[in-house]
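> Numbering (the UniProt record's numbering), first residue to last: 1 to 1173.
The C-beta atom is built at its ideal place from N, Cα and C for all residues, glycine as well.
Every value quoted in this text rests on a predicted model; they were computed, and no experiment measured them.
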């Protein structure tokens, strides 16, 4: 889902839009509620396969009755739906509305996710708070306790619009900041958070039962989504967890089958773990660190040979026999193969370390009482990996500061230098690895830069220079950097210090070069590629008890219970996702990848290359995934009921459940029997296999009737595969990739998903949406504030791409006015007094242009809807369509609009906008236009002809010329104002106060040099079919190259655009000769009579220029060549021009024409304003 940060409850509120006069909105809302009730009563959005029972008919039905099945990633119901949910919902909603217009049997179901620990964690907090403060928290004391009370609930409304008289709506969000909360910057207690959201104090204790959340918020979600006017088939809705025994059965079936297929495995593996919760902390369980995975290291044991006095004195207080103790500096490395080249060991001088005791079972053979020096954070991770005496507990003897350990003499395992010193490294991090870094300057640019710095400034750093100058020996040879990669890179990139910003890049290059292309040149595995030697060296170190595996989270991970998580080595059930290289099921991964890549055209449509790229990345790095947990809500693991199925593992294939949900139950909790009249216990694994088309025959021992079984199977086979899934982009890294994996595992390719469309996060008014700032809208508030259709317009306008979108309240507010006034205008023109000013009969020039513009916008809108670009569809099918109507209305003026075109416009506006604003369109379609069927079953205007190119070009010319003329007048007025301000001579006339006329100069001839360029391009096209600008440039004289080549580039682009337009099918009406088409494209010939168009425009331009304009004169300019002067540089200047006034035929000599007339070109007229008399 699109996400919004819930934030804290105490920050200052941002300014939200306030709507003062609600009359127009309320008028639209009245229509919305009316039609929502009609649609619900008539069950308009309940979609079924065309054949009732016969499962063998599914494919035939699909062929005869094309279907469209789309879902969103169902929302998590720990609160009310918000505007971010609305944005994601709108993508499926608009697609479903368009599919209905196409005549498809469209299905949009919506379920509610309640699995996981978030609800349970909040409920458990309330349990403790009720114990502390009483049922209504009356024992809580604060300086301003009364401020904690929520405002009294306002009267709500039921889904059908009737006034609510029962209990208050506890899901309606009202931000109510408290004094205590404001002091702390965030609510300290869960009950305060719920008070701030408008939940009455006396109801909050009920939420201590986690299943109360499951009963309150999904029901509220259904109501709020209905008020937005969603085309949801509510019969198919459900909640997850064992609160719905049918869905519970479905999840257990899924897990059983995945285990049988070998996709679920059991064993020790590293996982992100919350010590406080006592279970793995997966993405949905985190308040911070979603997407953070495990980083595997090799922990190198560098035995202490001698301590410096400061450290020795500290340690002897707790370990008197320090000289005999086995103490190791523990360095975590990603590159065990480089250990042959260790020259020293680094600590952060200011970092706090500890001396920790290892578990005796992990000590080196023949030794006991081993101790390691590392950070407390690393020791905490180690304690959950079996390296401490008590699981999860560290045994720290003493704290040590890095500076006190500088100079310690260590044994460096495998190194050519048997003993090395501990040196300072200011860039060492306490939050990465163990805080101790072993130094390999041959292959690590960071290490090399640091030892060079230390050697230069040994006295400054308090070390002996020879500690930092041990010989750097070659360990790995690479083709690009030789045998000493790090020194080569540092020198090549001119890196001058350990803090040089270029070091991260150098480190990346060194690692990549060494791993993929490096060859070992030292040690037991000399001659082997690094890719092979890496694991061999690691295993050698472990076998010699010189190292052991270590893991930690890649970054900070905080659970929802506010616990910093660790990497734990656990026995657990896990889904074996991932490539063979990262330990997963490589064959499974390859199948999913092939479906994603879609090379045969039958795979997954991701709607954007960026989405596909992110999926490819996820398939590359995503590995084994723990699928069980012990805390939260959910379904029990069938074979080990001490565990629950993890929340991202019970939500992978639920689109399949939608197909039969209404057969199983009538309510979302599975309490009321559905069409099949079956009990949950009858839905055995074998029944699920048959119903979901994994086996050919139903189980012989089932008590479910064969007709019910076949009917459910038919539903699944008809609706599957899923055509479209919409979700937030953040779910690619888990939920959406799992969705692909599990479909591929359980079904043949004919049932694999066909489309996934992701969207970005949603901003509100250009800012992050957060309750903490007050910049937040629930879905209910959004509809209450703007009405459904205006909100939907703003959702469509918010954006289409994977980038973050912006829901703008100003857009929603403007939509109220636009929809209201447009409705009034259509009513008046179709039913009211506006009919009197309309005319009938043959279409005139302006009628024909308007009719063609409507054709163009129908096709543009179709292309946008086909591509799921709803913002573009809104622009062409609403904003631009009303825009061309305005141009037409202004052009015909008192003559009046053609009645046939007015009705056609109203019909097209209703159809093109129906996916986005269905209530408004329903009203116009049925009550104004008088259609006897709903807009929800209307059809897209398939009989609409393709736009005529010549008419389209004419319309573009009219708009461009009108705008240019009014802009030219505006510039003249600006110049007059500027000259008067400066005290210059007063201009000859002022068009604001004096009558004037406009003279328009147009021509059918290009300048001579442009004609020659077109001749060259045309000849090249005929000869080679290409426009090779390099070759053409050589054939043009040097004196013309500067102006000619940019013009030729323009010609080339025109040809490319025309070719792409033709290829896309946006063709014209009649066939046109290819040479003429090329001439039109190149600009030598216009596809319309410019003079005739300008004549039609004269009265329109006169009105547009204001009452001071007394006339518009149109002059045709002809250009002829004078006798050659022999000077090529002045060829253009030798053209002779003359004019002809179109209305009178008067010929004007060159001397009688203004200079601007000579600059006219085909399609580019020039203007001159002159005073009258």
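1) Here's the rule I'm using: 16 or more other beta-carbon atoms within 10 Å means buried, otherwise exposed. How should residue 146 be labelled?
2) Of all the options 525, 822 and 435, which has the alpha carbon lying nearest to the alpha carbon of residue 1176?
3) Can you grab the Cα-Cα spacing for the pair residue 123 / residue 131, in whole Å?
4) Please go through the same chain and pick out, in chain order, the residues whose beta-carbon is closer than 6 Å to the beta-carbon of residue 381, but skip the five residues on each side of it.
5) Are the beta-carbon atoms of residue 265 and residue 589 separated by less than 8 Å?
6) So, using beta-carbon positions, are residue 110 and residue 74 closer together than 8 Å?
7) Contact between the region 421-435 and the region 338-357: three or more CB pairs below 8 Å?
8) Rounded to whole angstroms, what's the CA-CA distance from residue 616 to residue 334? Just pull it up for me.
9) Go ahead and pull the three-state DSSP assignment for residue 105.
10) Could you say which of 641, 722, 700 and 618 lies nearest to residue 658 if we only look at CA atoms?
11) So, residue 16 versus residue 221, is the Cβ gap smaller than 8 Å?
12) My output table needs one value for residue 417: the three-state DSSP class, helix, strand or coil.
13) Which value, in whole angstroms, describes the spacing of the CA atoms of residue 1041 and residue 1007?
14) For residue 336, list the residues DSSP reports as bridge partners.
15) Where do the ends of the beta strand (DSSP E) carrying residue 214 lie?
16) What would DSSP say about residue 1250, mapped onto helix, strand or coil?
17) Quick one: complete alpha helix (DSSP H) runs, 4+ long, within the region 14-79?
18) DSSP state of residue 531, grouped into three classes?
19) Taking only the alpha-carbon atoms, compute the straight-line gap between residue 39 and residue 92 and give it to the nearest angstrom.
20) Is the beta carbon of residue 759 closer than 8 Å to that of residue 88?
21) Just mark residue 1130 as buried or exposed, buried being the case when its beta carbon has 16 or more other beta carbons within 10 Å.
22) Would DSSP call residue 780 helix, strand or coil?
23) How long is the line joining the alpha carbons of residue 1091 and residue 846, rounded to whole angstroms?
24) Indicate whether residue 585 and residue 267 have their beta-carbon atoms separated by less than 8 Å.
25) On the premise that residue 796 lies in contact with residue 226, defined as a C-beta separation below 8 Å, what is that separation, rounded to the nearest angstrom?
26) Leaving out five residues on either side along the sequence, give the residues of the same chain with a beta carbon under 6 Å from the beta carbon of residue 561.
27) For residue 838, tell me which candidate among 889, 800, 1017 and 711 has the shortest Cα-Cα distance.
28) From the DSSP secondary-structure annotation, give me the bridge partner or partners of residue 436.
29) Note down, in chain order, each residue of its chain lying with its Cβ closer than 6 Å to the Cβ of residue 664, except the 5 sequence neighbours on either side.
30) Leaving aside the five residues before and after residue 706 along the sequence, list all residues of the same chain whose C-beta is less than 7 Å from its C-beta, in chain order.
31) Does any heavy atom of the ligand MN sit closer than 7 Å to the C-beta of residue 267?
32) What's the C-alpha gap between residue 1111 and residue 996?
33) How would you call residue 1174, buried or exposed, if buried means at least 16 neighbouring beta carbons within 10 angstroms?
34) For residue 1045, name the three-state secondary structure that DSSP assigns.
35) Does the Cβ of residue 233 have 16 or more other Cβ atoms within 10 Å, making it buried, or fewer, making it exposed?
36) Using a Cβ-Cβ cut-off of 6 Å (strictly less than) and excluding sequence neighbours within five positions of residue 404, which residues of its own chain qualify?
Concretely, from the data shown:
1) Residue confidence for residue 146 is low, a pLDDT of 44 falling below 50, so the modelled location carries little weight; the figure read from the coordinates is stated next. By the neighbour-count rule (16 or more Cβ atoms within 10 Å), residue 146 is not buried but exposed.
2) A question about residue 1176 goes unanswered here, because the residues of the chain that appear run from 1 up to 1173.
3) 13 Å
4) 552, 566 and 567
5) no
6) yes
7) yes
8) 24 Å
9) strand
10) 722
11) no
12) coil
13) 15 Å
14) Looking at the DSSP assignment, residue 336 forms no beta bridge with any residue, so it has no partner.
15) Per DSSP, residue 214 belongs to no beta strand (DSSP E); it is in the alpha helix (DSSP H), 210-227.
16) Any property of residue 1250 remains undetermined from this structure, which presents the chain solely from 1 to 1173.
17) 23-41 and 58-64
18) helix
19) 18 Å
20) yes
21) The pLDDT assigned to residue 1130 is 41, lower than 50, so where the model puts this residue is not dependable, and the model offers no usable value.
22) helix
23) 15 Å
24) no
25) That belief does not hold up - the Cβ atoms of residue 226 and residue 796 are roughly 19 Å apart, past 8 Å.
26) 121, 276 and 277
27) 889
28) 347
29) 246 and 674
30) 698
31) Among the ligands in the structure shown, none appear at all, so the ligand MN cannot be discussed.
32) 7 Å
33) Nothing about residue 1174 can be reported from this structure: the residues present for the chain run from 1 to 1173 only.
34) helix
35) buried
36) 310 and 311
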